[in-house]
Amino acid sequence: MSTRTRIPPLLDACIRLPPESSLLLLTGVISASPHWITTRFLSRLLGNNSNNNSSDDDDVLDADRTGVVLVSWMREREFWRTEARRGVVSPFHLRLRLLGRGRALGWTGADDGQGLDLARAEGEGRFAFVYGLTGLFSGLGGGGLGIGSGQGGAAARLGGGHQGGAAATTAGMRGQMVPERAPLGRAPPAAMGRATPPTRTTAQKDGYTLTSPSLTAALEIVSQAVAALQAKNKHVFLVLDAPTLLLAANPTVSATDLALFVLRLRALVHSTLLVVEADAPLIAAAAPDAFLAGRDYLSAASTMQGKVGITPLEKDHAGFVVGQAHLARCVIGTRGLDTGVAKDVSGVLTVRRGGTWDEQGEEVVQMEVLYRVLMDGNVRVFERGAGDIG
Numbered sequence: 053m054s055t056r057t058r059i060p061p062l063l064d065a066c067i068r069l070p071p072e073s074s075l076l077l078l079t080g081v082i083s084a085s086p087h088w089i090t091t092r093f094l095s096r097l098l099g100n101n102s103n104n105n106s107s108d109d110d111d112v113l114d115a116d117r118t119g120v121v122l123v124s125w126m127r128e129r130e131f132w133r134t135e136a137r138r139g140v141v142s143p144f145h146l147r148l149r150l151l152g153r154g155r156a157l158g159w160t161g162a163d164d165g166q167g168l169d170l171a172r173a174e175g176e177g178r179f180a181f182v183y184g185l186t187g188l189f190s191g192l193g194g195g196g197l198g199i200g201s202g203q204g205g206a207a208a209r210l211g212g213g214h215q216g217g218a219a220a221t222t223a224g225m226r227g228q229m230v231p232e233r234a235p236l237g238r239a240p241p242a243a244m245g246r247a248t249p250p251t252r253t254t255a256q257k258d259g260y261t262l263t264s265p266s267l268t269a270a271l272e273i274v275s276q277a278v279a280a281l282q283a284k285n286k287h288v289f290l291v292l293d294a295p296t297l298l299l300a301a302n303p304t305v306s307a308t309d310l311a312l313f314v315l316r317l318r319a320l321v322h323s324t325l326l327v328v329e330a331d332a333p334l335i336a337a338a339a340p341d342a343f344l345a346g347r348d349y350l351s352a353a354s355t356m357q358g359k360v361g362i363t364p365l366e367k368d369h370a371g372f373v374v375g376q377a378h379l380a381r382c383v384i385g386t387r388g389l390d391t392g393v394a395k396d397v398s399g400v401l402t403v404r405r406g407g408t409w410d411e412q413g414e415e416v417v418q419m420e421v422l423y424r425v426l427m428d429g430n431v432r433v434f435e436r437g438a439g440d441i442g
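Going by the numbering used here, the sequence shown opens with residue 53, and the numbers climb by one from there.
Written as structure tokens, this is what we have:
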């Protein structure tokens, strides 16, 4: 069934296939999730626009010949299937809604024909899903991460890396001695080319699954998904959702390693959408002085031994996000209201030019608007003072 995308008019110029080799950076916070924007990209690129009233022929070309590889380290397949169905609406159901006859005819919006069917798109060879959370350590066996060096491995860090001779405690039924918990330092960067545990991942009906936190293993699996779609599509659009999880899952991965990993994936596809978290604790290390104001979480940490309490993980996350912003063509961000929670506003949406924006190319519309996510999955985007009208 043909579908109509639920893309707010103000964002129509932003949510489309970007120029080749482009990187789009999408940031969000825990109180203002940006995933409704991700599903709009899926709707625009995978939705059947044959009945769309748009006069832009490029949109139809993109929908017919563009495949999408979605790699998610935090959200499972069922989440995206549900959100994709809420991201678009069929013309029949749209007409019923506009005429106010949906309820009179017994339609509640839960019909199987409504929305974008990712399973169908996958069967047509236009969509591939790579899940990177549940099975992330299932391929390690008893050999650990298999990528740490003799000095920087996780075992070395836990074995005796604490200063001052931290007291050991007895733990576990085997009577092993482990050091007392304390802040851990970031291990030296590990090259992606080192030996990695074998991956048992194949393309199944539920998509691909990452079975190791190794960047080499992840690169191999995502490359397989991209290659499968390239055989049937003119372009492949890559979506990376929360790859920063690898910074926490693998102690040998640094911000530089992760940036190189993203760069290698970008070389395989037409363009890329990178979705990362931008909460204050995760990006404060990029500008610590700006976060040392009163009532900030760092203000208390700064009084402890005269040092700011920023962990190595926070430093790596901040360094990675800032670096990708410099490499991005466009930076789209969602955050909560500065004044708190409002009943009729879900958050603030900003669109800014990235570090690689080219004045010679297509114009990037910069804006700061408000948005409201409705119960039916629709999103209203409107300017400040304009009211909930868009």
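Just so you know, even glycine gets a beta-carbon here, dropped at the ideal spot from N, CA and C. Here the structure is a predicted model, which means the values were calculated and not measured.
State whether the segment 323-331 contacts the segment 68-76, with contact taken as three or more CB pairs (one from each stretch) at a distance under 8 Å. yes
In this structure, what does DSSP give as the bridge partners for Val373? Beta-bridge pairing links Val373 to no other residue.
Just to confirm, is the Cβ distance from Leu299 to Asp368 under 7 Å? yes
Who are the Cβ neighbours of Leu94 in its own chain at under 7 Å, not counting the five residues just before and after it? Val120, Ala136, Gly139 and Leu168
Buried versus exposed call for Leu281 [16 or more other C-beta atoms within 10 Å across all chains shown]: buried
The segment 333-340 in contact with the segment 369-381 per 3-pair CB rule at 8 Å: yes
Give a yes or no on whether the C-beta atoms belonging to Arg117 and Asn302 are separated by under 7 Å. no
Quick one: what does DSSP say Val9 is sitting in, helix, strand or coil? Outside the shown range of the chain, which is 53 to 442, sits residue 9, and nothing can be said about it.
If we count the other Cβ atoms within 10 Å of its Cβ and call it buried at 16 or more, is Gly429 buried or exposed? buried
DSSP state of Thr363 mapped onto helix, strand, coil: coil
Terminal residues of the continuous alpha helix (DSSP H) containing Asp293? Looking at the DSSP string, Asp293 is not in any alpha helix (DSSP H); the run it does join, the beta strand (DSSP E), is His287 to Asp293.
Could you name the residues of the same chain whose beta carbon sits closer than 6 Å to that of Cys382, not counting the 5 residues immediately before and after it, in chain order? Leu76, Gly406 and Val416
Given Leu320 as reference, the closest of Val288, Val123 and Ala332 once Cα atoms are compared: Val288
When the distance is taken between beta carbons, is Leu422 closer than 7 Å to Phe434? yes
Is Gly399 closer than 7 Å to Thr386 when the C-beta atoms are compared? yes
Which one of Tyr183, Thr363, Asp331 and Thr304 has the shortest CA to CA distance from Ala270? Tyr183
Alpha carbon to alpha carbon, how far is Ala3 from Leu97? Residue numbering for the chain in the displayed model covers 53 to 442; residue 3 lies beyond these limits and cannot be assessed.
Compute the Euclidean distance between the alpha carbons of Thr91 and Val291, then round it to the nearest angstrom. 10 Å
Alpha carbon of Gly80 to alpha carbon of Phe131, nearest angstrom: 17 Å
Inter-residue spacing [alpha-carbon to alpha-carbon] between Thr253 and Ala394: Interpretation of Thr253 is limited by its pLDDT of 46, a score under 50 that renders its predicted location unreliable; no figure is taken from the coordinates.
Any idea what DSSP makes of Leu122, helix, strand or coil? strand
Helix, strand or coil, according to DSSP, for Phe131 in the structure here? helix
Cβ separation of Arg404 and Gln418, assumed to be a contact under 8 Å, to the nearest whole Å: 6 Å
Expressed to the nearest angstrom, what Euclidean distance is found between the alpha-carbon atoms of Thr408 and Arg68? 18 Å
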